[in-house]
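Going by the numbering used here, the first residue of the sequence shown is number 6, and it counts up by one from there. Working notes for the structure below.
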Amino acid sequence: MVLEKDILQNNLDKLISSIEKSRLKVNPHHIVKIVVVSKYTSIENIQTLYSLGQRAFGENQVQQLKERALELENLPIEWHMVGTLQKNKINNLISLNPSLLHSLDNLSLAQELDKKLKTQNKTMKALLQINSSKEKTKSGVLVEEAYNTYQEIEERFKNIKLQGVMSIGANSEDKNLVKNSFEDTFKVYEKLKGATICSMGMSSDFQLAIENGSNLIRVGSLLFK
Ligand SMILES: *Cc1c(COP(=O)(O)O)cnc(C)c1O
């Protein structure tokens, strides 16, 4: 669905005000980046949000990321890959030079990605995805293993440039459960030397994520209605 500019502007303004309230609860210098996840929306809506000042967009499938990045290549958009990366899509993703891979979710994927980056003499920035809600349907490393896995990737896979962590909040009505999953991810993040990105929070839970330390939110559906 193609939305009018004033509707998108209004949705974006509301999102920004709401982020503002939450980030000030953390501290006045806590800056939060917005990555608009455009997977369910049209190219036209991406262009409109771009014209309103939004620069970072994310997709959860390499194929759609590729199509959109090509179609919008005249705009200096910063593309993020937020969804599960299949090994047979690694080369495709590398060719797109994404600004950040949020979903590096296991060691074997890291090994394969690093190998392919090396052969092409390239690097990629990435976040280690942590499955802090422990839901079977979610990917990511366990909280208990996250710190060691992060160190191991840094030591072994030099063409992957880890920037921090990513997590999807618990899928629950119980705010405490969601909060706990963010807290657990943030505790790992805090221990990591040199990590600068804690990517947590989506349309339904970004306020809670920010209040628990997130400095990057991935928001989609909220903007497109
Ligand atoms: C779809 C998606 C989002 C955005 O979700 P909304 O609920 O639409 O805001 C964020 N992160 C990931 C990994 C996603 O797949």
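Think of the CB as a built atom: it goes at the ideal place given N, C-alpha and C, for glycine as much as any other residue.
Kindly identify the DSSP beta-bridge partner or partners of Met205. In the sequence shown, the residue the question calls residue 205 occupies position 200. In DSSP, Met205 forms a bridge with Ser172.
When the Cα atoms are used, what is the spatial distance from Leu90 to Val67?
For the purposes of this step, residue 90 is taken as residue 85 along the sequence shown, with counting starting at 1. For the purposes of this step, residue 67 is taken as residue 62 along the sequence shown, with counting starting at 1. Between Leu90 and Val67, the C-alpha separation is close to 8 Å.
- request: Quick one: measure Cβ to Cβ for Tyr45 and Gly225, integer angstroms, because I've assumed they're closer than 8 Å.
  value: The sequence position of residue 45 within the sequence shown is 40, counting from 1. The sequence position of residue 225 within the sequence shown is 220, counting from 1. With a Cβ gap of about 6 Å, Tyr45 and Gly225 count as contacting.
Taking Ser43 and Phe62 to be in contact with their CB atoms under 8 Å, please state how far apart those CB atoms are, rounded to whole angstroms. As a working mapping, residue 43 is identified with position 38 in the sequence shown. As a working mapping, residue 62 is identified with position 57 in the sequence shown. Ser43 to Phe62, Cβ: 5 Å. Contact.
Answer yes or no: the CB of Asn65 versus the heavy atoms of ligand 1, is any distance below 7 Å? Residue mapping note: residue 65 aligns to position 60 of the sequence shown, counting from 1. Flag set: Cβ of Asn65 near ligand 1.
Q. Below 8 Å, can you find three or more Cβ-Cβ pairs linking the region 115-129 to the region 183-201?
A. no
query: So does the region 213-224 actually touch the region 50-59, counting three or more Cβ pairs closer than 8 Å?
result: Short answer: they don't touch.
- Message: Here's the rule: buried if 16 or more other CB atoms are within 10 angstroms of the residue's CB, otherwise exposed. What is Glu160?
- Response: Here residue 160 refers to the residue found at position 155 when the sequence shown is read from its first residue. With fewer than 16 other Cβ atoms within 10 Å, it is exposed.
**OP:** Whole angstroms is fine: what's the gap from Val146's alpha carbon to Ile82's?
**Re:** Numbered from 1 along the sequence shown, position 141 holds the residue referred to as residue 146. Numbered from 1 along the sequence shown, position 77 holds the residue referred to as residue 82. Approximately 30 Å between the Cα atoms of the pair.
Alpha carbon to alpha carbon, how far is Asn220 from Lys38? Give it in angstroms, no decimals. Locating residue 38 in the sequence shown gives position 33, counting from the first residue. Locating residue 220 in the sequence shown gives position 215, counting from the first residue. Lys38 and Asn220 have their alpha carbons spaced roughly 6 Å apart.
### Task
Please find out if some non-hydrogen atom of ligand 1 comes closer than 7 Å to the beta-carbon of Val170.
Looking up residue 170 in the sequence shown gives position 165. Checking the Cβ of Val170 against ligand 1 gives no.
If we ignore side chains and look at the alpha-carbon of each, how far apart do Ile51 and Asn96 end up?
For the purposes of this step, residue 51 is taken as residue 46 along the sequence shown, with counting starting at 1. For the purposes of this step, residue 96 is taken as residue 91 along the sequence shown, with counting starting at 1. Approximately 25 Å, taken between the alpha carbons.
Next item on the list: Round the Cβ separation of Lys166 and Met129 to the nearest angstrom and send it over; I've been treating them as touching at under 8 Å.
Entry: Taking the first residue of the sequence shown as 1, we reach residue 166 at position 161. Taking the first residue of the sequence shown as 1, we reach residue 129 at position 124. The Cβ separation is near 7 Å, so the contact holds.
How is the beta strand (DSSP E) around Ile39 delimited, first residue to last?
Within the sequence shown, numbered from 1, the residue matching residue 39 stands at position 34. Residues 38-42.
If you check the beta carbons only, do Leu101 and His85 fall under 8 Å apart?
Counting from 1 along the sequence shown, the entry for residue 101 is found at position 96. Counting from 1 along the sequence shown, the entry for residue 85 is found at position 80. For Leu101 and His85, no; Cβs fall outside 8 Å.
Q. Exposed or buried, what is Leu75 when buried is set at 16 or more other beta-carbons lying within 10 Å of its beta-carbon?
A. The count along the sequence shown starts at 1 and reaches residue 75 at position 70. Exposed.
Quiz item: Using a threshold of 7 Å, is the CB atom of Met207 nearer than that to any non-hydrogen atom of ligand 1?
Solution: Mapped onto the sequence shown, residue 207 falls at position 202. Result yes, Cβ under 7 Å from ligand 1.
Per DSSP, which one or two residues make a beta bridge with Lys166? Here the question's residue 166 lines up with position 161 in the sequence shown. Looking at the DSSP assignment, Lys166 forms a beta bridge with Lys130.
Return the CA-CA distance between Val193 and Ser172, expressed in angstroms with no decimal places.
On the sequence shown, residue 193 is found 188 positions in, with the first residue counted as 1. On the sequence shown, residue 172 is found 167 positions in, with the first residue counted as 1. Cα to Cα, the separation comes out at about 11 Å.
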